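In my numbering, the protein residues as written are 535 to 641.
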């Protein structure tokens with residue numbers, strides 16, 4: 535099934551621990567139906583010092599975003615500024631994403 539959310543879109547989380555948080559989509563994984571959103575679903579990893587190829591990688595705590603299911607986010611319409619469902623309108627060979635609330639183009 536085709537994914538209606540793309541890299542660079544602003545989305546809002548609608549369920550889970552990060553509910554009502556907004557962020558920009560960094561990465562879309564369509565095969566796994568998952569998205570990575572900037573500043574949402576943050577996790578920490580403790581890293582020890584590693585020597586690789588003559589360089590020392592510094593130890594510490596790394597914070598990074600984990601992917602989560604695409605069904606837990608909704609696209610935020612730039613005109614309405616609300617989370618909305620997305621429709622598709624075709625004009626010739628071009629596919630245009632459309633807001634279901636106000637009818638404006640999302641792209």
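Heads up, the beta-carbon is just placed ideally off N, CA and C, and yes, glycines get one too.
Please read all numbers here as calculations on a predicted model, not as lab measurements.
Segment contact, 8 Å Cβ cut-off, at least three pairs: the segment 537-547 with the segment 598-611: yes
Sequence-distant residues of the same chain with beta carbon closer than 7 Å to residue 614, five excluded per side: For the purposes of this step, residue 614 is identified with residue 80 of the chain shown, where counting begins at 1. For residue 614, where only same-chain residues beyond five positions count, the Cβ hits under 7 Å are 633, 635, 636.
The segment 568-576 contacting the segment 592-603, beta-carbon criterion three pairs below 8 Å: yes
Any chain C beta carbon closer than 9 Å to residue 554: Considering every chain present, this structure includes no chain C. It has just one protein chain.
First through last residue of the beta strand (DSSP E) which encompasses residue 568: Reading the chain shown from its first residue, position 34 is the one you call residue 568. Looking at the DSSP string, the run of the beta strand (DSSP E) that includes residue 568 is 568-571.
When 640, 626, 603, 631 are compared against residue 568, the one with the closest alpha-carbon: Working through the chain shown from its first residue, we reach residue 568 at position 34. Answer by Cα proximity: 603.
Closest residue to residue 594 among 586, 582, 605 (Cα-Cα distance): Your numbering for residue 594 matches position 60 in the chain shown. Per the Cα distances, 582.
Coarse secondary structure for residue 604, derived from DSSP in three states: By one-based count along the chain shown, residue 604 stands at place 70. Residue state, collapsed to three classes: helix.
As assigned by DSSP and simplified to three states, the class of residue 637: Position 103 of the chain shown, counted from the start, is the residue given in the question as residue 637. Coil, per DSSP.
Per DSSP, the bridge partner or partners of residue 546: For the purposes of this step, residue 546 is taken as residue 12 along the chain shown, with counting starting at 1. 556, 608, per the DSSP bridge assignment.
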